[in-house]
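Student: Residue numbers (the working numbering): 849 to 1201.
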């Protein structure tokens, strides 16, 4: 396992139904959970993987705005730990109280286990902060008695952020050293979780990725690549981005230039981007869902779901905008088999009638 835990703490936040008071229950400082055990390491490794797999993240940095009144700022508490002015547990307790105050301020029902973990992974150093929701599960014993218990529902994490401590130290004016999961539909995490962290949104990964995709499309057009070369270039970009996402690495425009280079081009892709002055950074975390659309079209609605490779458009898949119809040639064999069975079934129904 390439993940090394430096420090970890766990606290519990709940809300009294009668009064609405937020109650903070602190975890013990020297619990088994806080020690470097196999179970703890597996738990953090799982959180790391789940967080990486979350498709829609935003990026930002600590706000320079002062806190309200005497309220402590998360960045100041974190700095006191990083500079060894206080230990990790004390830092986690103070951070938990800041979060408790934010929940009370917004009168929210957010409860669960607050996890703070300082860990290293593949040469990087991170501080992970998350509120893990609690779910109920049931079990049956040998006498067929049903019992209920609670468990940490890590797969449903929505309130989570990760601070790249190396980037934070080396680039304090940067706009991406904090990543966080975007809010659920109809409600933004920034309502209170970002306020708790004192984080302001910075780099827009979706816009950066859309610019990259558009730049690649412009590049293949300017270089007059044929249809097969265009599709290969798109697939090369897609595969590169998938590899970067799998290894939690940023996309590099220079690396993209090496991946999609083709003979006869006057400029490589990186030079092309600089010449055209695209509003894009040399490296950035990307959104894979945006890149996926470069080789495939898909859509669903009104009981219809459809997906096809871009190379089929205009040939095996023809759209008529005048009557809003789509004609598909070379129907996939498995779909054709189902359609033939449906035709036969309808014919039998007509005979019976």
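Here a beta-carbon is modelled for each residue, glycine too, at the ideal position from N, C-alpha and C.
Predicted model only: the values in this text are computed from it and were never measured.
On the CB-based measure, 16 or more other CB atoms within 10 Å of its CB, does residue 1043 come out buried or exposed?
Tutor: buried
Student: Would you mind stating whether residue 1056 and residue 1134 have Cβ atoms separated by less than 8 Å?
Tutor: yes
Student: I need the DSSP call for residue 1082, collapsed to helix, strand or coil.
Tutor: helix
Student: Name the DSSP bridge partner or partners of residue 1048?
Tutor: In the DSSP assignment, residue 1048 forms a beta bridge with 909.
Student: Tell whether a beta-carbon distance below 8 Å holds between residue 1029 and residue 905.
Tutor: yes
Student: What residue from 957, 1079, 909, 1186 has the CA that sits closest to residue 867's CA?
Tutor: 957
Student: Keeping to the same chain, check which residues put their C-beta closer than 6 Å to that of residue 877; ignore five residues upstream and five downstream.
Tutor: 937
Student: Looking at the structure shown, is residue 939 part of a helix, part of a strand, or coil, going by DSSP?
Tutor: helix
Student: Tell me where the alpha helix (DSSP H) around residue 1064 begins and ends.
Tutor: 1053-1070
Student: Closer than 7 Å by C-beta to residue 1147: which residues in its own chain qualify, once you throw out the five before and the five after it? Chain order, please.
Tutor: 1154
Student: So, are the CB atoms of residue 987 and residue 999 less than 8 Å apart?
Tutor: no
Student: Drop a sphere of 10 angstroms on the beta-carbon of residue 1024, count the other beta-carbons inside from all chains shown, and report buried for 16 or more, exposed for fewer.
Tutor: buried
Student: Which of helix, strand or coil does DSSP assign to residue 982?
Tutor: Looking at residue 982 - three-state DSSP - the assignment turns out to be strand.
Student: Evaluate residue 1173 with the Cβ neighbour count: other Cβ atoms within 10 Å of its Cβ, from every protein chain shown; 16 or more gives buried, anything less gives exposed.
Tutor: exposed
Student: Please state whether DSSP places residue 855 in a helix, a strand or coil.
Tutor: In the structure shown, residue 855 sits in a strand (DSSP, three-state: E or B).
Student: Name the one or two DSSP bridge partners that residue 888 has.
Tutor: Note: residue 888 sits in no beta bridge, so no partner.
Student: Among the residues of its own chain, which have a CB less than 7 Å from the CB of residue 970, if the five just before and after it don't count?
Tutor: So the qualifying residues of the chain are 850.
Student: Pair every Cβ in the region 1058-1074 with every Cβ in the region 1012-1027, then say whether three or more of these pairs are closer than 8 Å.
Tutor: no
Student: Considering residue 1096, what are the terminal residues of the beta strand (DSSP E) in which it resides?
Tutor: Careful: residue 1096 lies outside any beta strand (DSSP E) and carries neither H nor E.
Student: How long is the line joining the alpha carbons of residue 989 and residue 996, rounded to whole angstroms?
Tutor: 11 Å
Student: How far does the beta strand (DSSP E) with residue 1122 in it extend, from its first residue to its last?
Tutor: Taken as a continuous stretch (DSSP letters only), residue 1122 belongs to no beta strand (DSSP E), being part of the alpha helix (DSSP H) at 1117-1124.
Student: For residue 946, which three-state DSSP category applies?
Tutor: Under the three-state reduction of DSSP output, residue 946 falls in the helix class.
Student: Under 8 Å, do residue 910 and residue 1022 count as touching if we go by C-beta distance?
Tutor: no
Student: Please classify residue 903 as buried or exposed, where buried requires at least 16 other C-beta atoms within 10 Å of its C-beta.
Tutor: exposed
Student: Closer than 8 Å is the cut-off here; do at least three beta carbon pairs connect the region 922-929 with the region 942-954?
Tutor: yes
Student: Tell me which residue opens and which closes the alpha helix (DSSP H) that residue 1012 is part of.
Tutor: That residue, residue 1012, is in no alpha helix (DSSP H); its beta strand (DSSP E) goes 1007-1012.
Student: Excluding the 5 residues flanking residue 1019 on each side, which residues of the same chain have their C-beta closer than 7 Å to its C-beta?
Tutor: 1025
Student: Among the candidates 1065, 1108, 981, 1138, whose CA atom is the shortest distance from the CA of residue 1052?
Tutor: 1138
Student: Is residue 1001 closer than 8 Å to residue 981 when the C-beta atoms are compared?
Tutor: yes
Student: Any idea what DSSP makes of residue 1168, helix, strand or coil?
Tutor: DSSP places residue 1168 in strand when its eight states are reduced to three.
Student: Check for me: the beta strand (DSSP E) holding residue 922 runs from which residue to which?
Tutor: Per DSSP, residue 922 belongs to no beta strand (DSSP E); it is in the alpha helix (DSSP H), 922-930.
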